[in-house]
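I have placed the structure first, in the form of structure tokens, so that the comments after it can refer back to it.
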Amino acid sequence: MQENATKPWENQNCDSVLSHFTLYSVSMAAALWCGIPPKEVDLYINESEDLGNATYKHPLVPCLEPKCRAIHQAIAAGDLPCGREHGGMASPGEHVNPYRRHVKRSDLKDWIAQVFPSDKPAFLFDEVERSLHPAVTLEAYQTLQTELKSANERLKKAEREYRKLRDEKNDIQKQLDQRLTLPSNDAPNKYDHILIGAMLKLMLEHSNRGRNCSEFASQSAITTEIVDRFGGVHGLSERTINQKFADANRTLTEAKKAE
1 MQENATKPWE NQNCDSVLSH FTLYSVSMAA ALWCGIPPKE VDLYINESED LGNATYKHPL
61 VPCLEPKCRA IHQAIAAGDL PCGREHGGMA SPGEHVNPYR RHVKRSDLKD WIAQVFPSDK
121 PAFLFDEVER SLHPAVTLEA YQTLQTELKS ANERLKKAER EYRKLRDEKN DIQKQLDQRL
181 TLPSNDAPNK YDHILIGAML KLMLEHSNRG RNCSEFASQS AITTEIVDRF GGVHGLSERT
241 INQKFADANR TLTEAKKAE
């Protein structure tokens, strides 16, 4: 039975690996460096004047000659490794015919980045690398990207914590507001004052038949009786009782006026 499923290795894209080992002749490297499209390199080289030693000059590409010379000089100085068209690299100091000189893409990229840091031709450097300042290396950029991602994650976590704390604070504030609107259990409210005032007035007045409603002839007598009976209870001192009676009488009078 024939299998139609595609094997995992059949779809592998090795362009980035292959490009690492790509070889350029000096003239091709110079032409690409000048910005000539890869498909047109041979056309421009064939139209160029050979000045000798694989150095070419083209009337419409003024940078072709100086870049050919710069690459040859770097090879001669040992700054740029070179080999021959079959891919083998020459030993240090080994003479290679200028017309057979080939450089690896990776070596050419490293050399240009070091000697001409502000010049990043598209055939060697990707968009991110070309956008970087010459003083910023790709490794430094990648490190900054990692640190930025980590910082963004910490920021998102902090935002979640902030929202959680904000919601908790709002809940606490809501509960506090609700409690503040409730009457205090530690002090009589307006209606307590009115009730106390009414009871005092009733105890000190006479009934319809002219009899005293209580045996107390005055508010002072009531105060004295309370102190005698309950003087040890907190809040029932003579001074406190008189103050509460005064507040109760005033509140009752104000309530009657408002009727």
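In our numbering, the protein residues as written are 1 to 259.
Ideal placement from N, C-alpha and C gives every residue a C-beta, glycine not left out.
Computed from a predicted structure; not experimentally measured.
- prompt: What's the gap between the Cα of residue 46 and the Cα of residue 100?
  reply: 16 angstroms
Straight-line Cα distance separating residue 43 from residue 114: 30 angstroms
field: the segment 141–159 in contact with the segment 213–224 per 3-pair CB rule at 8 angstroms
entry: no
- request: Can you grab the Cα-Cα spacing for the pair residue 161 / residue 168, in whole Å?
  value: 11 angstroms
task: Report buried or exposed for residue 172, applying the criterion of at least 16 other Cβ atoms within 10 angstroms of its Cβ.
output: exposed
Selected residue, minimal CA-CA separation from residue 82, among 128, 118, 22 and 250: 22
query: Does the separation of the CB atoms of residue 80 and residue 33 fall below 7 angstroms?
result: no
message: I'd like the list of long-range same chain contacts for residue 51, defined as Cβ closer than 8 angstroms, with 5 residues on each side in sequence excluded.
response: 57 and 65
- prompt: Cα separation between residue 73 and residue 131?
  reply: 28 angstroms
- prompt: Grouping DSSP H, G and I as helix and E and B as strand, with all else coil, what is residue 25?
  reply: strand
- request: State the beta-bridge partners of residue 83 as determined by DSSP.
  value: 89 and 102
Enclosing alpha helix (DSSP H) for residue 46 [first to last residue]: 41–47
message: If the criterion is Cβ atoms closer than 7 angstroms, does the pair residue 240 and residue 194 meet it?
response: no
- request: Any chance you could list the beta strand (DSSP E) runs of at least 3 consecutive residues sitting entirely within the segment 190–239, in chain order?
  value: none
message: Can you find the residues in the same chain that come closer than 6 angstroms, C-beta to C-beta, to residue 228, ignoring five residues on each side of it along the sequence?
response: none
message: My output table needs one value for residue 126: the three-state DSSP class, helix, strand or coil.
response: coil
task: Whole angstroms is fine: what's the gap from residue 187's alpha carbon to residue 175's?
output: In this prediction, residue 187 has a pLDDT of 48, which is less than 50 and means its spatial position is unreliable; what the coordinates show is noted afterwards. Roughly 21 angstroms between the two C-alpha positions.
task: Could you check what DSSP says for residue 167 in three-state terms: helix, strand or coil?
output: helix
- prompt: First and last residue of the alpha helix (DSSP H) that includes residue 51?
  reply: Looking at the DSSP string, residue 51 is not in any alpha helix (DSSP H), and its letter there is neither H nor E.
CA nearest to the CA of residue 203, picked from 191, 40, 222 and 192: 222
Assigned exposure category for residue 24 - 16 Cβ within 10 Å defines buried: buried
Per-residue DSSP class, three states only, for residue 2: The predicted position of residue 2 is uncertain, since its pLDDT is 48 and thus under 50; a value taken from the coordinates is nonetheless stated next. In this structure, residue 2 counts as coil in the three-state DSSP scheme.
message: Can you tell me where the alpha helix (DSSP H) holding residue 68 begins and where it ends?
response: 64–76
Residues that DSSP places opposite residue 61 in a beta bridge: 58
message: Can you list, in chain order, the residues of its chain with a C-beta nearer than 7 angstroms to that of residue 31? Leave out the 5 residues immediately preceding and following it.
response: 41, 44, 45 and 64
Close Cβ partners of residue 98 (< 6 angstroms) along its chain, the five nearest in sequence each way excluded: 53 and 54
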